[in-house]
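Here the structure is laid out as structure tokens; the discussion comes afterwards.
Residue numbers (our numbering), protein chains in the order written: chain B, 1 to 159; chain R, 1001 to 1499.
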């Protein structure tokens, strides 16, 4: 009987991949900069490179098959991470909407929709909880702390 | 620069006993107790979430509030461990071994009482040691020059990196990546803007608060969202206040165990990157080794409970020493505490005591008072805390999300910073999932400018020879030896688990 086949967990490539992408983008941006200003990042690059290579080696030649979690794949990610993906996409939607619809309305829509998506069956309960939180945040952040959060003007009123 | 004398110490004590300062201390304790009782959401997540709003408190009150919160959460983490067999924080895992068997025997109240007294005594002992040693370390830290400061920063980053990642390699990579991320923004020598990618919002580098909120606050949503309830429905048990007093007496039957566990927690807490999760296992193993009745351990033995809970709160005082005197936070929570000081325009480090003596002493003296008040607050709100764990995650997740994003805006009032919270939240979740160290990444981002500036000054002042001073070389040797520490500590903790 042969040794069990080692499987590569592609998820392990995400962080080194982000590091590589960031490093390349960074050095393209600072290319031609004065040496005094860039010697420190260059020194760090010299430290990061061997660590990155060692990570790459441990990624390509894993010591044993991962036991704590299954290897990364899009189908299993969607199956298990549906809620994670929804929270992420809703956060993106929140960030896009907030400059146009203001803090309070965006918050209300975000909270009600997430309550519902994550399993809140009763609309009335979802709406009441969302209104309480939005009011608390509005009073705390905009009225008391005087933060200039984005607000929507409707007929002379700002909310 | 002179180190503050006894008169400054008295002034610091006077500052602490102002009603509004004591009020924030009490609020911090209550908040810590509530947060600690929620499994999966720890004090670091909570403190990161409220950090932007502490600007309005001022540095001293913010830190006193946060340290009280830290102490409260460490103690309250034992409540779900004892009643539900679910550790509220990672450091409460050994508490389950002794606490839950006591609950199953119908002694939940006694276990809670024993836990509150142990936490209070361990924390108080650690606070006294912290009050005694911090000024001494602070006095010697004043002798640090640029080379020594660079070496101290290097030591902190290496220690936290090597001890908090899933492997030493991933931990060190996290530290190096954090240092690299700190290179974004305008550098101090020529005011040359590096790697801002055309965003004027990044000219001062990645802003601290949105990054911290993302890495510690927003990132936790991705793990919380997987659960419907933090604790299974119908598993909440509370037996009333009467037996709690009986449990308190049980804890006091082991004075030696209380002292040993408190001191163990304090010593391990000083080492950056270790924290309660390792310390409690080490203490549990030691207690069993010294016990006259080791066979009772694991069956619901008060001596075992004393060893874990006194040690757990013992860590709090130890972790504060490197944070205040060297500017090197030892854990995620002390990192947030340091950030709270920094956003008020103060940098903790060797000159902290000399420049802000009164405030520094007030912070130090707040520790023993927090620990004394802790078990009073704990006993008073124990019944409520058990119900906190019943909040459904469908409400908790979006509320935390909205708080984090709004908090990201609060500091510089830029919508761009809200986006950074989400970006760093996703990045933090990925770091955690694949075994990298979030505290190491953030600590390096925080210490990056300090390390760079001191390295440059040291080279400019005396060239490479500056790094060969006795203190710098001593810290360098410590840095090398800390790389050998993870296997030793893991072996000690494993021995504690096996016992």
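Ideal Cβ placement from N, Cα and C applies to all residues, glycine included.
In whole angstroms, what is the alpha-carbon distance linking residue i and residue j?
{"i": "residue 1443 of chain R", "j": "residue 124 of chain B", "result": "44 Å"}
{"i": "residue 1217 of chain R", "j": "residue 35 of chain B", "result": "37 Å"}
{"i": "residue 1285 of chain R", "j": "residue 1412 of chain R", "result": "48 Å"}
{"i": "residue 1064 of chain R", "j": "residue 1047 of chain R", "result": "12 Å"}
{"i": "residue 1268 of chain R", "j": "residue 1315 of chain R", "result": "7 Å"}
{"i": "residue 1091 of chain R", "j": "residue 1279 of chain R", "result": "8 Å"}
{"i": "residue 1009 of chain R", "j": "residue 1135 of chain R", "result": "10 Å"}
{"i": "residue 1455 of chain R", "j": "residue 16 of chain B", "result": "27 Å"}
{"i": "residue 1256 of chain R", "j": "residue 1492 of chain R", "result": "21 Å"}
{"i": "residue 1364 of chain R", "j": "residue 1015 of chain R", "result": "12 Å"}
{"i": "residue 1074 of chain R", "j": "residue 1036 of chain R", "result": "6 Å"}
{"i": "residue 100 of chain B", "j": "residue 1446 of chain R", "result": "34 Å"}
{"i": "residue 91 of chain B", "j": "residue 1290 of chain R", "result": "53 Å"}
{"i": "residue 1358 of chain R", "j": "residue 138 of chain B", "result": "36 Å"}
{"i": "residue 161 of chain B", "j": "residue 1078 of chain R", "result": "This structure leaves residue 161 of chain B out entirely; chain B is present only between 1 and 159."}
{"i": "residue 1081 of chain R", "j": "residue 1298 of chain R", "result": "14 Å"}
{"i": "residue 1449 of chain R", "j": "residue 1338 of chain R", "result": "15 Å"}
{"i": "residue 1295 of chain R", "j": "residue 1214 of chain R", "result": "46 Å"}
{"i": "residue 54 of chain B", "j": "residue 43 of chain B", "result": "18 Å"}
{"i": "residue 1151 of chain R", "j": "residue 1320 of chain R", "result": "19 Å"}
{"i": "residue 1057 of chain R", "j": "residue 1101 of chain R", "result": "43 Å"}
{"i": "residue 1028 of chain R", "j": "residue 1066 of chain R", "result": "6 Å"}
{"i": "residue 1194 of chain R", "j": "residue 1202 of chain R", "result": "9 Å"}
{"i": "residue 1205 of chain R", "j": "residue 1052 of chain R", "result": "18 Å"}
{"i": "residue 1105 of chain R", "j": "residue 121 of chain B", "result": "38 Å"}
{"i": "residue 1368 of chain R", "j": "residue 1026 of chain R", "result": "13 Å"}
Mind checking residue i: buried by the 16 CB within 10 Å criterion, or exposed?
{"i": "residue 1487 of chain R", "result": "exposed"}
{"i": "residue 1281 of chain R", "result": "buried"}
{"i": "residue 1246 of chain R", "result": "exposed"}
{"i": "residue 1480 of chain R", "result": "exposed"}
{"i": "residue 1234 of chain R", "result": "Per-residue confidence for residue 1234 of chain R stands at a pLDDT of 48, beneath the threshold of 50, marking its modelled position as unreliable; the derived number appears in the next sentence. When all chains shown are included, residue 1234 of chain R counts as exposed."}
{"i": "residue 1148 of chain R", "result": "buried"}
{"i": "residue 1 of chain B", "result": "Residue placement at residue 1 of chain B is flagged as unreliable, the pLDDT there being 48, under the threshold of 50; the coordinate-derived value follows with that caveat. Exposed is the call here."}
{"i": "residue 158 of chain B", "result": "exposed"}
{"i": "residue 1161 of chain R", "result": "buried"}
{"i": "residue 186 of chain B", "result": "Not covered by the structure: residue 186 of chain B. The range shown for chain B is 1 to 159."}
{"i": "residue 1302 of chain R", "result": "buried"}
{"i": "residue 1061 of chain R", "result": "buried"}
{"i": "residue 156 of chain B", "result": "exposed"}
{"i": "residue 1465 of chain R", "result": "exposed"}
{"i": "residue 1394 of chain R", "result": "buried"}
{"i": "residue 41 of chain B", "result": "buried"}
Closer than 7 Å by beta-carbon distance: list the chain B residues that pair up with residue i, in chain order.
{"i": "residue 1486 of chain R", "result": "Simply none; closest approach about 16 Å."}
{"i": "residue 1322 of chain R", "result": "Going along chain B, no residue has its Cβ under 7 Å from residue 1322 of chain R, so there is no contact; the nearest lies around 23 Å."}
Which first and last residues belong to the alpha helix (DSSP H) in which residue i is found?
{"i": "residue 1246 of chain R", "result": "1242–1252"}
{"i": "residue 155 of chain B", "result": "Looking at the DSSP string, residue 155 of chain B is not in any alpha helix (DSSP H), and its letter there is neither H nor E."}
{"i": "residue 1170 of chain R", "result": "1168–1181"}
{"i": "residue 16 of chain B", "result": "14–30"}
{"i": "residue 1420 of chain R", "result": "1415–1433"}
{"i": "residue 1007 of chain R", "result": "1006–1016"}
{"i": "residue 1503 of chain R", "result": "Beyond the ends of chain R as shown, which are 1001 and 1499, falls residue 1503 of chain R; an answer cannot be given."}
{"i": "residue 1024 of chain R", "result": "1019–1036"}
{"i": "residue 1302 of chain R", "result": "1302–1326"}
{"i": "residue 1219 of chain R", "result": "Note, residue 1219 of chain R: premise wrong, no alpha helix (DSSP H); not H, not E."}
{"i": "residue 1189 of chain R", "result": "Where residue 1189 of chain R is concerned, there is no enclosing alpha helix (DSSP H), given that its DSSP letter is neither H nor E."}
{"i": "residue 1260 of chain R", "result": "1255–1270"}
{"i": "residue 1339 of chain R", "result": "1332–1342"}
{"i": "residue 82 of chain B", "result": "82–101"}
Quick one: list the residues of chain B neighbouring residue i, beta-carbon separation under 9 Å, in chain order.
{"i": "residue 1197 of chain R", "result": "25, 26, 29"}
Anything in chain B within Cβ reach of residue i, meaning under 8 Å, just list it in chain order.
{"i": "residue 1307 of chain R", "result": "In chain order: nothing, as chain B lies at least about 29 Å away."}
{"i": "residue 1183 of chain R", "result": "26, 40, 41, 44"}
Kindly list, in the order they appear in chain R, the residues whose Cβ is closer than 9 Å to that of residue i.
{"i": "residue 10 of chain B", "result": "Under the 9 Å cutoff, chain R gives no residues; its nearest Cβ is about 11 Å from residue 10 of chain B."}
{"i": "residue 94 of chain B", "result": "1401, 1402, 1405, 1418, 1422"}
Strictly below 8 Å CB to CB, what residues from chain R border residue i?
{"i": "residue 97 of chain B", "result": "Under the 8 Å cutoff, chain R gives no residues; its nearest Cβ is about 11 Å from residue 97 of chain B."}
{"i": "residue 129 of chain B", "result": "1395"}
{"i": "residue 56 of chain B", "result": "Within chain R, no residue comes near residue 56 of chain B; the closest Cβ sits about 11 Å away, beyond 8 Å."}
Residues of chain R with CB under 7 Å from residue i, in chain order?
{"i": "residue 181 of chain B", "result": "In the structure as shown, chain B begins at 1 and stops at 159. Residue 181 of chain B is therefore absent and cannot be evaluated."}
{"i": "residue 47 of chain B", "result": "1176"}
inquiry  = Tell me whether the segment 1453–1465 of chain R and the segment 1421–1440 of chain R touch, counting them as touching only if at least three CB pairs, one residue from each stretch, are closer than 8 Å.
reply    = Contact between the segment 1453–1465 of chain R and the segment 1421–1440 of chain R is absent: fewer than three C-beta pairs spanning the two stretches fall below 8 Å.
ask   = Does the pairing of the segment 1328–1345 of chain R with the segment 1129–1144 of chain R give three or more beta-carbon distances under 8 Å?
value = Contact between the segment 1328–1345 of chain R and the segment 1129–1144 of chain R is absent, because fewer than three Cβ pairs lie under 8 Å.
query = Is it true that the segment 1418–1438 of chain R meets the segment 1164–1175 of chain R, where meeting means three or more beta-carbon pairs spaced less than 8 Å apart?
reply = Taking one beta carbon from each stretch, the segment 1418–1438 of chain R and the segment 1164–1175 of chain R have 3 or more pairs nearer than 8 Å; the two touch.
request  = Give a yes or no on contact between the segment 1119–1127 of chain R and the segment 1259–1270 of chain R, applying the rule of three or more CB pairs nearer than 8 Å.
outcome  = Touching, per the Cβ criterion.
query = Touching or not, the segment 1177–1193 of chain R and the segment 25–39 of chain B, by the rule of three or more beta carbon pairs under 8 Å?
reply = Because the criterion of three Cβ pairs below 8 Å is met, the segment 1177–1193 of chain R and the segment 25–39 of chain B touch.
message = Taking contact to mean 3 or more Cβ pairs, one atom from each stretch, closer than 8 Å, check whether the segment 1334–1354 of chain R and the segment 1102–1112 of chain R are in contact.
response = Output reads no: the segment 1102–1112 of chain R does not touch the segment 1334–1354 of chain R.
query = Three or more C-beta pairs closer than 8 Å, one from the segment 1305–1315 of chain R and one from the segment 1020–1030 of chain R: is that the case here?
reply = No, the segment 1305–1315 of chain R does not touch the segment 1020–1030 of chain R.
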